[in-house]
Amino acid sequence: MKTLLAFMLMVILTACNNDDDGTPENPADALPPATQTGEGTFGCLIDGEPFFPGRFGGDQPSAFYQFVRDAYTLGISASRGGGETMVGFNLGALDIEGLEEKTYSLTTFESGNFFAEYLIGGGIELTSSPTDEEPGILTITNFTDEIISGTFEFTVLDNEGNEIRITDGRFDLRYTN
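Mapped onto mature numbering (1 follows the signal peptide of the UniProt record, and there is no 0), the consecutive letters of the sequence shown carry residue numbers -17 to -1, 1 to 160.
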């Protein structure tokens, strides 16, 4: 009887262990899976902390790919919050010949380039992009007539010159054209 009681006490104590708060050991494990089926997901790490956009309204992640003035334009956006707490991303390309499943360099927001922007604050206190000297990476892993999926990473500088690292980025969206 004492053995059974000791065993049950041990089971109860290990089951009540508060060391596991449900937070994954690796922050990237908290992000949505890297799917390719138009799940409507977007996520990344901002200096190692998980970022997820809102799921409704203007915060909901979205994408478009359109032929305008003899060239294609790509736009992928996601944000969370509003006012001073707003955090957002824009990934895309202006005036490109077309899009393929491959890796692109993310540089400045100019015609012919692929770009990324990290936005914070209600008055857009920071809007920073990778540079031509230190480009980021956008990899399109699935591109069909209605779905665009991929991964991204880039580094930007805040207003004081501190690096902000955007890593483990992923998206799986249906796009409009």
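We treat Cβ as the ideally placed atom computed from N, Cα and C, and that holds for glycine.
The alpha-carbon of residue 60 is positioned some 12 angstroms away from that of residue 157.
By the Cβ-count criterion, residue 52 is exposed, with fewer than 16 other Cβ atoms from all chains shown falling within 10 Å of its own Cβ. A distance below 6 angstroms between beta-carbons, with the five flanking residues on each side excluded, links residue 48 to the following residues of its chain, in chain order: 57, 158 and 160. The stretch 67 to 124 contains no complete alpha helix (DSSP H) run of 4 or more residues. With at least 16 other beta carbons inside 10 angstroms of its own, residue 44 counts as buried. Here the C-alpha atom of residue 134 lies approximately 15 angstroms from the C-alpha atom of residue 82. As the crow flies, the alpha-carbon of residue 66 is around 17 angstroms from that of residue 35. Judged by beta-carbon spacing, residue 123 lies within the 8 angstroms limit of residue 131, meaning their Cβ atoms are closer than that value. Restricting attention to 84, 74 and 63, the CA atom closest to the CA of residue 91 is found in 74.
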